[in-house]
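In the numbering used here, the protein residues as written are 4 to 336. Only one structure is covered here, and it is reproduced in the block below.
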């Protein structure tokens, strides 16, 4: 990488009740070997002392810029940060995750060396201690087209954690409609890119029980809404037909997962909420019936294919999901 005028990288970090891991996360960015960074931290209406911690860090580290807003979710916080980002590149890091010290340098080098529009970190699941496991078999070098990346992301054979040229965000903002809005936006970003680079810059994605994607709320069913929005996006770009088998396979997984979540949590849901989710699942099942073909069953491990095929029958879906939930409860005893 040239020493002359290194490009500014804007690191966007949404923060909500993040006091437990916040300092570790931010310092993993501050201590990067690549120095030309601005770190835009958005306190998303935290009820703990997250904002105070951020303000203290900004006093010690001038590259940390702090913003505060009413709670609106991680996508809303990212969009707020985007309005103030001045970098040539935009990178997202969550407030409970960390980076290897050379992660941004390696990722930026990969993007520039291949003249790509974006790049992906080498992603690892992390328990917060010594246990780390690589996300699938994603390469650490080479490139992929935006179109191919989009298709691979439909069943998350390819993740979306990385860095983009700021120009890619010119007409794109994160979907704020539900908990999983960033997943929809990732596909929109991919479709805007001509080329996406792989890198060996490691990103450690923390797994813990307090994660917003694990606790129950009606927002969990936004995953199903996203799938319908995703179909509309792919249709609008004229690429749905070539990707529909992989899309259908993942939609079946989402319907299965959604039905299991509903079955597990029915005692905590109102009759109106149950009716709402059942209607949403019915809409998704109709899409599956329209797009299902024998090609669909090639995606995913055999046990998962067998489970998710139960969504083709409403009676079978209810029976298998209920049995699955019962077995989980027995094993927990």
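Note that the Cβ used here is the ideal one computed from N, Cα and C, for glycine as well.
Whether residue 13 touches residue 43 by CB criterion (9 Å): For the purposes of this step, residue 13 is identified with residue 10 of the chain shown, where counting begins at 1. For the purposes of this step, residue 43 is identified with residue 40 of the chain shown, where counting begins at 1. Yes, they are a contact pair.
Test item: CB-CB of residue 98 and residue 9 under 9 Å: The residue labelled residue 98 in the question sits at position 95 within the chain shown. The residue labelled residue 9 in the question sits at position 6 within the chain shown. In this structure, residue 9 does not lie closer than 9 Å to residue 98 by Cβ.
Residue 130, buried or exposed, once every other Cβ within 10 Å from all chains shown has been counted against 16: In the chain shown, the residue the question calls residue 130 occupies position 127. By the neighbour-count rule (16 or more Cβ atoms within 10 Å), residue 130 is not buried but exposed.
Beta-ladder partner(s) of residue 40, from DSSP: Indexing the chain shown from 1 puts residue 40 at position 37. DSSP lists 12 as partners of residue 40.
Nearest-angstrom Cα separation, counted from residue 195 out to residue 318: Locating residue 318 in the chain shown gives position 315, counting from the first residue. Locating residue 195 in the chain shown gives position 192, counting from the first residue. Their Cα atoms are separated by approximately 41 Å.
Beta bridge counterpart(s) of residue 94 as assigned by DSSP: Residue numbering aside, residue 94 sits at position 91 when the chain shown is read from its first letter. Answer is 14, 166, bridged to residue 94.
Residue 207 versus residue 15 - alpha carbon distance: Walking along the chain shown from the start, residue 207 turns up at place 204. Walking along the chain shown from the start, residue 15 turns up at place 12. Between residue 207 and residue 15, the alpha-carbon positions lie close to 16 Å from each other.
Between the CA atoms of residue 37 and residue 94 - distance to the nearest angstrom: As a position in the chain shown, residue 94 is number 91, starting the count at 1. As a position in the chain shown, residue 37 is number 34, starting the count at 1. Computed Cα separation, rounded: 13 Å.
9 Å Cβ cutoff met for residue 219 and residue 164: In the chain shown, counting from the first residue as 1, residue 219 sits at position 216. In the chain shown, counting from the first residue as 1, residue 164 sits at position 161. Not closer than 9 Å, so no.
Secondary structure of residue 232, DSSP reduced to three states: Counting from one through the chain shown, the residue named residue 232 turns up at place 229. Residue 232 carries a helical assignment under DSSP once its states are collapsed to helix, strand and coil.
In DSSP terms, what residue 208 is bridged to: Here residue 208 refers to the residue found at position 205 when the chain shown is read from its first residue. 128, per the DSSP bridge assignment.
The stretch 274 to 290 touching the stretch 175 to 186, judged by at least three CB pairs closer than 8 Å: With a cut-off of 8 Å on Cβ pairs, the stretch 274 to 290 is not in contact with the stretch 175 to 186, counting fewer than three such pairs.
Any 3 or more C-beta pairs closer than 8 Å across the stretch 221 to 228 and the stretch 142 to 156: They do not touch, by the three-pair rule.
Euclidean distance between Cα positions of residue 136 and residue 35: Residue 136 sits at position 133 when you count from the first residue of the chain shown. Residue 35 sits at position 32 when you count from the first residue of the chain shown. So the two alpha carbons sit approximately 22 Å from each other.
Assigned exposure category for residue 333 - 16 Cβ within 10 Å defines buried: As a working note, residue 333 is residue 330 in the chain shown. In this structure residue 333 is exposed. Its beta-carbon is surrounded by fewer than 16 other beta-carbon atoms within 10 angstroms.
Cβ-Cβ separation, residue 242 to residue 311 (assumed contact under 8 Å), whole Å: Position 308 of the chain shown holds residue 311. Position 239 of the chain shown holds residue 242. That belief does not hold up - the Cβ atoms of residue 311 and residue 242 are roughly 23 Å apart, past 8 Å.
Bounding residues of the beta strand (DSSP E) (the contiguous stretch that carries residue 344): Outside the shown range of the chain, which is 4 to 336, sits residue 344, and nothing can be said about it.
Alpha carbon of residue 176 to alpha carbon of residue 115, nearest angstrom: Position 173 of the chain shown, counting from 1, holds the residue named residue 176. Position 112 of the chain shown, counting from 1, holds the residue named residue 115. Rounded to the nearest angstrom, the two C-alpha atoms are 24 Å apart.
Residue 244 versus 273, 288, 286, 295, residue with shortest Cα-Cα distance: Position 241 of the chain shown, counted from the first residue, corresponds to residue 244. With respect to the C-alpha of residue 244, the residue from 273, 288, 286, 295 having the closest C-alpha is 295.
Beta-carbon gap between residue 193 and residue 106 smaller than 9 Å: Here residue 193 refers to the residue found at position 190 when the chain shown is read from its first residue. Here residue 106 refers to the residue found at position 103 when the chain shown is read from its first residue. Against a cut-off of 9 Å, the Cβ pair of residue 106 and residue 193 comes out as no contact.
Top-ranked residue by Cα proximity to residue 20, from 30, 314, 77, 254: The sequence position of residue 20 within the chain shown is 17, counting from 1. Nearest option by C-alpha distance: 77.
Buried/exposed call for residue 288, threshold 16 Cβ in 10 Å: Here the question's residue 288 lines up with position 285 in the chain shown. With 16 or more Cβ atoms within 10 Å of its Cβ, residue 288 is classed as buried.
First through last residue of the alpha helix (DSSP H) which encompasses residue 264: Here residue 264 refers to the residue found at position 261 of the chain shown. Unbroken alpha helix (DSSP H) run through residue 264: 243 to 268.
DSSP state of residue 141 mapped onto helix, strand, coil: Here the question's residue 141 lines up with position 138 in the chain shown. Taken through DSSP and simplified to helix, strand or coil, residue 141 comes out as coil.
DSSP bridge partner residues for residue 171 (one or two, in chain order): In the chain shown, counting from the first residue as 1, residue 171 sits at position 168. Per the DSSP secondary-structure output, residue 171 pairs with nothing in a beta bridge.
Cα-Cα separation, residue 204 to residue 271: Mapped onto the chain shown, residue 204 falls at position 201. Mapped onto the chain shown, residue 271 falls at position 268. Answer to the nearest angstrom: the Cα atoms are 42 Å apart.
CB of residue 202 within 9 Å of CB of residue 109, strictly: Here the question's residue 202 lines up with position 199 in the chain shown. Here the question's residue 109 lines up with position 106 in the chain shown. In this structure, residue 109 lies closer than 9 Å to residue 202 by Cβ.
Cβ separation of residue 291 and residue 254, assumed to be a contact under 8 Å, to the nearest whole Å: Within the chain shown, the letter at position 288 stands for residue 291. Within the chain shown, the letter at position 251 stands for residue 254. Sure, about 6 Å apart at Cβ, within 8 Å.
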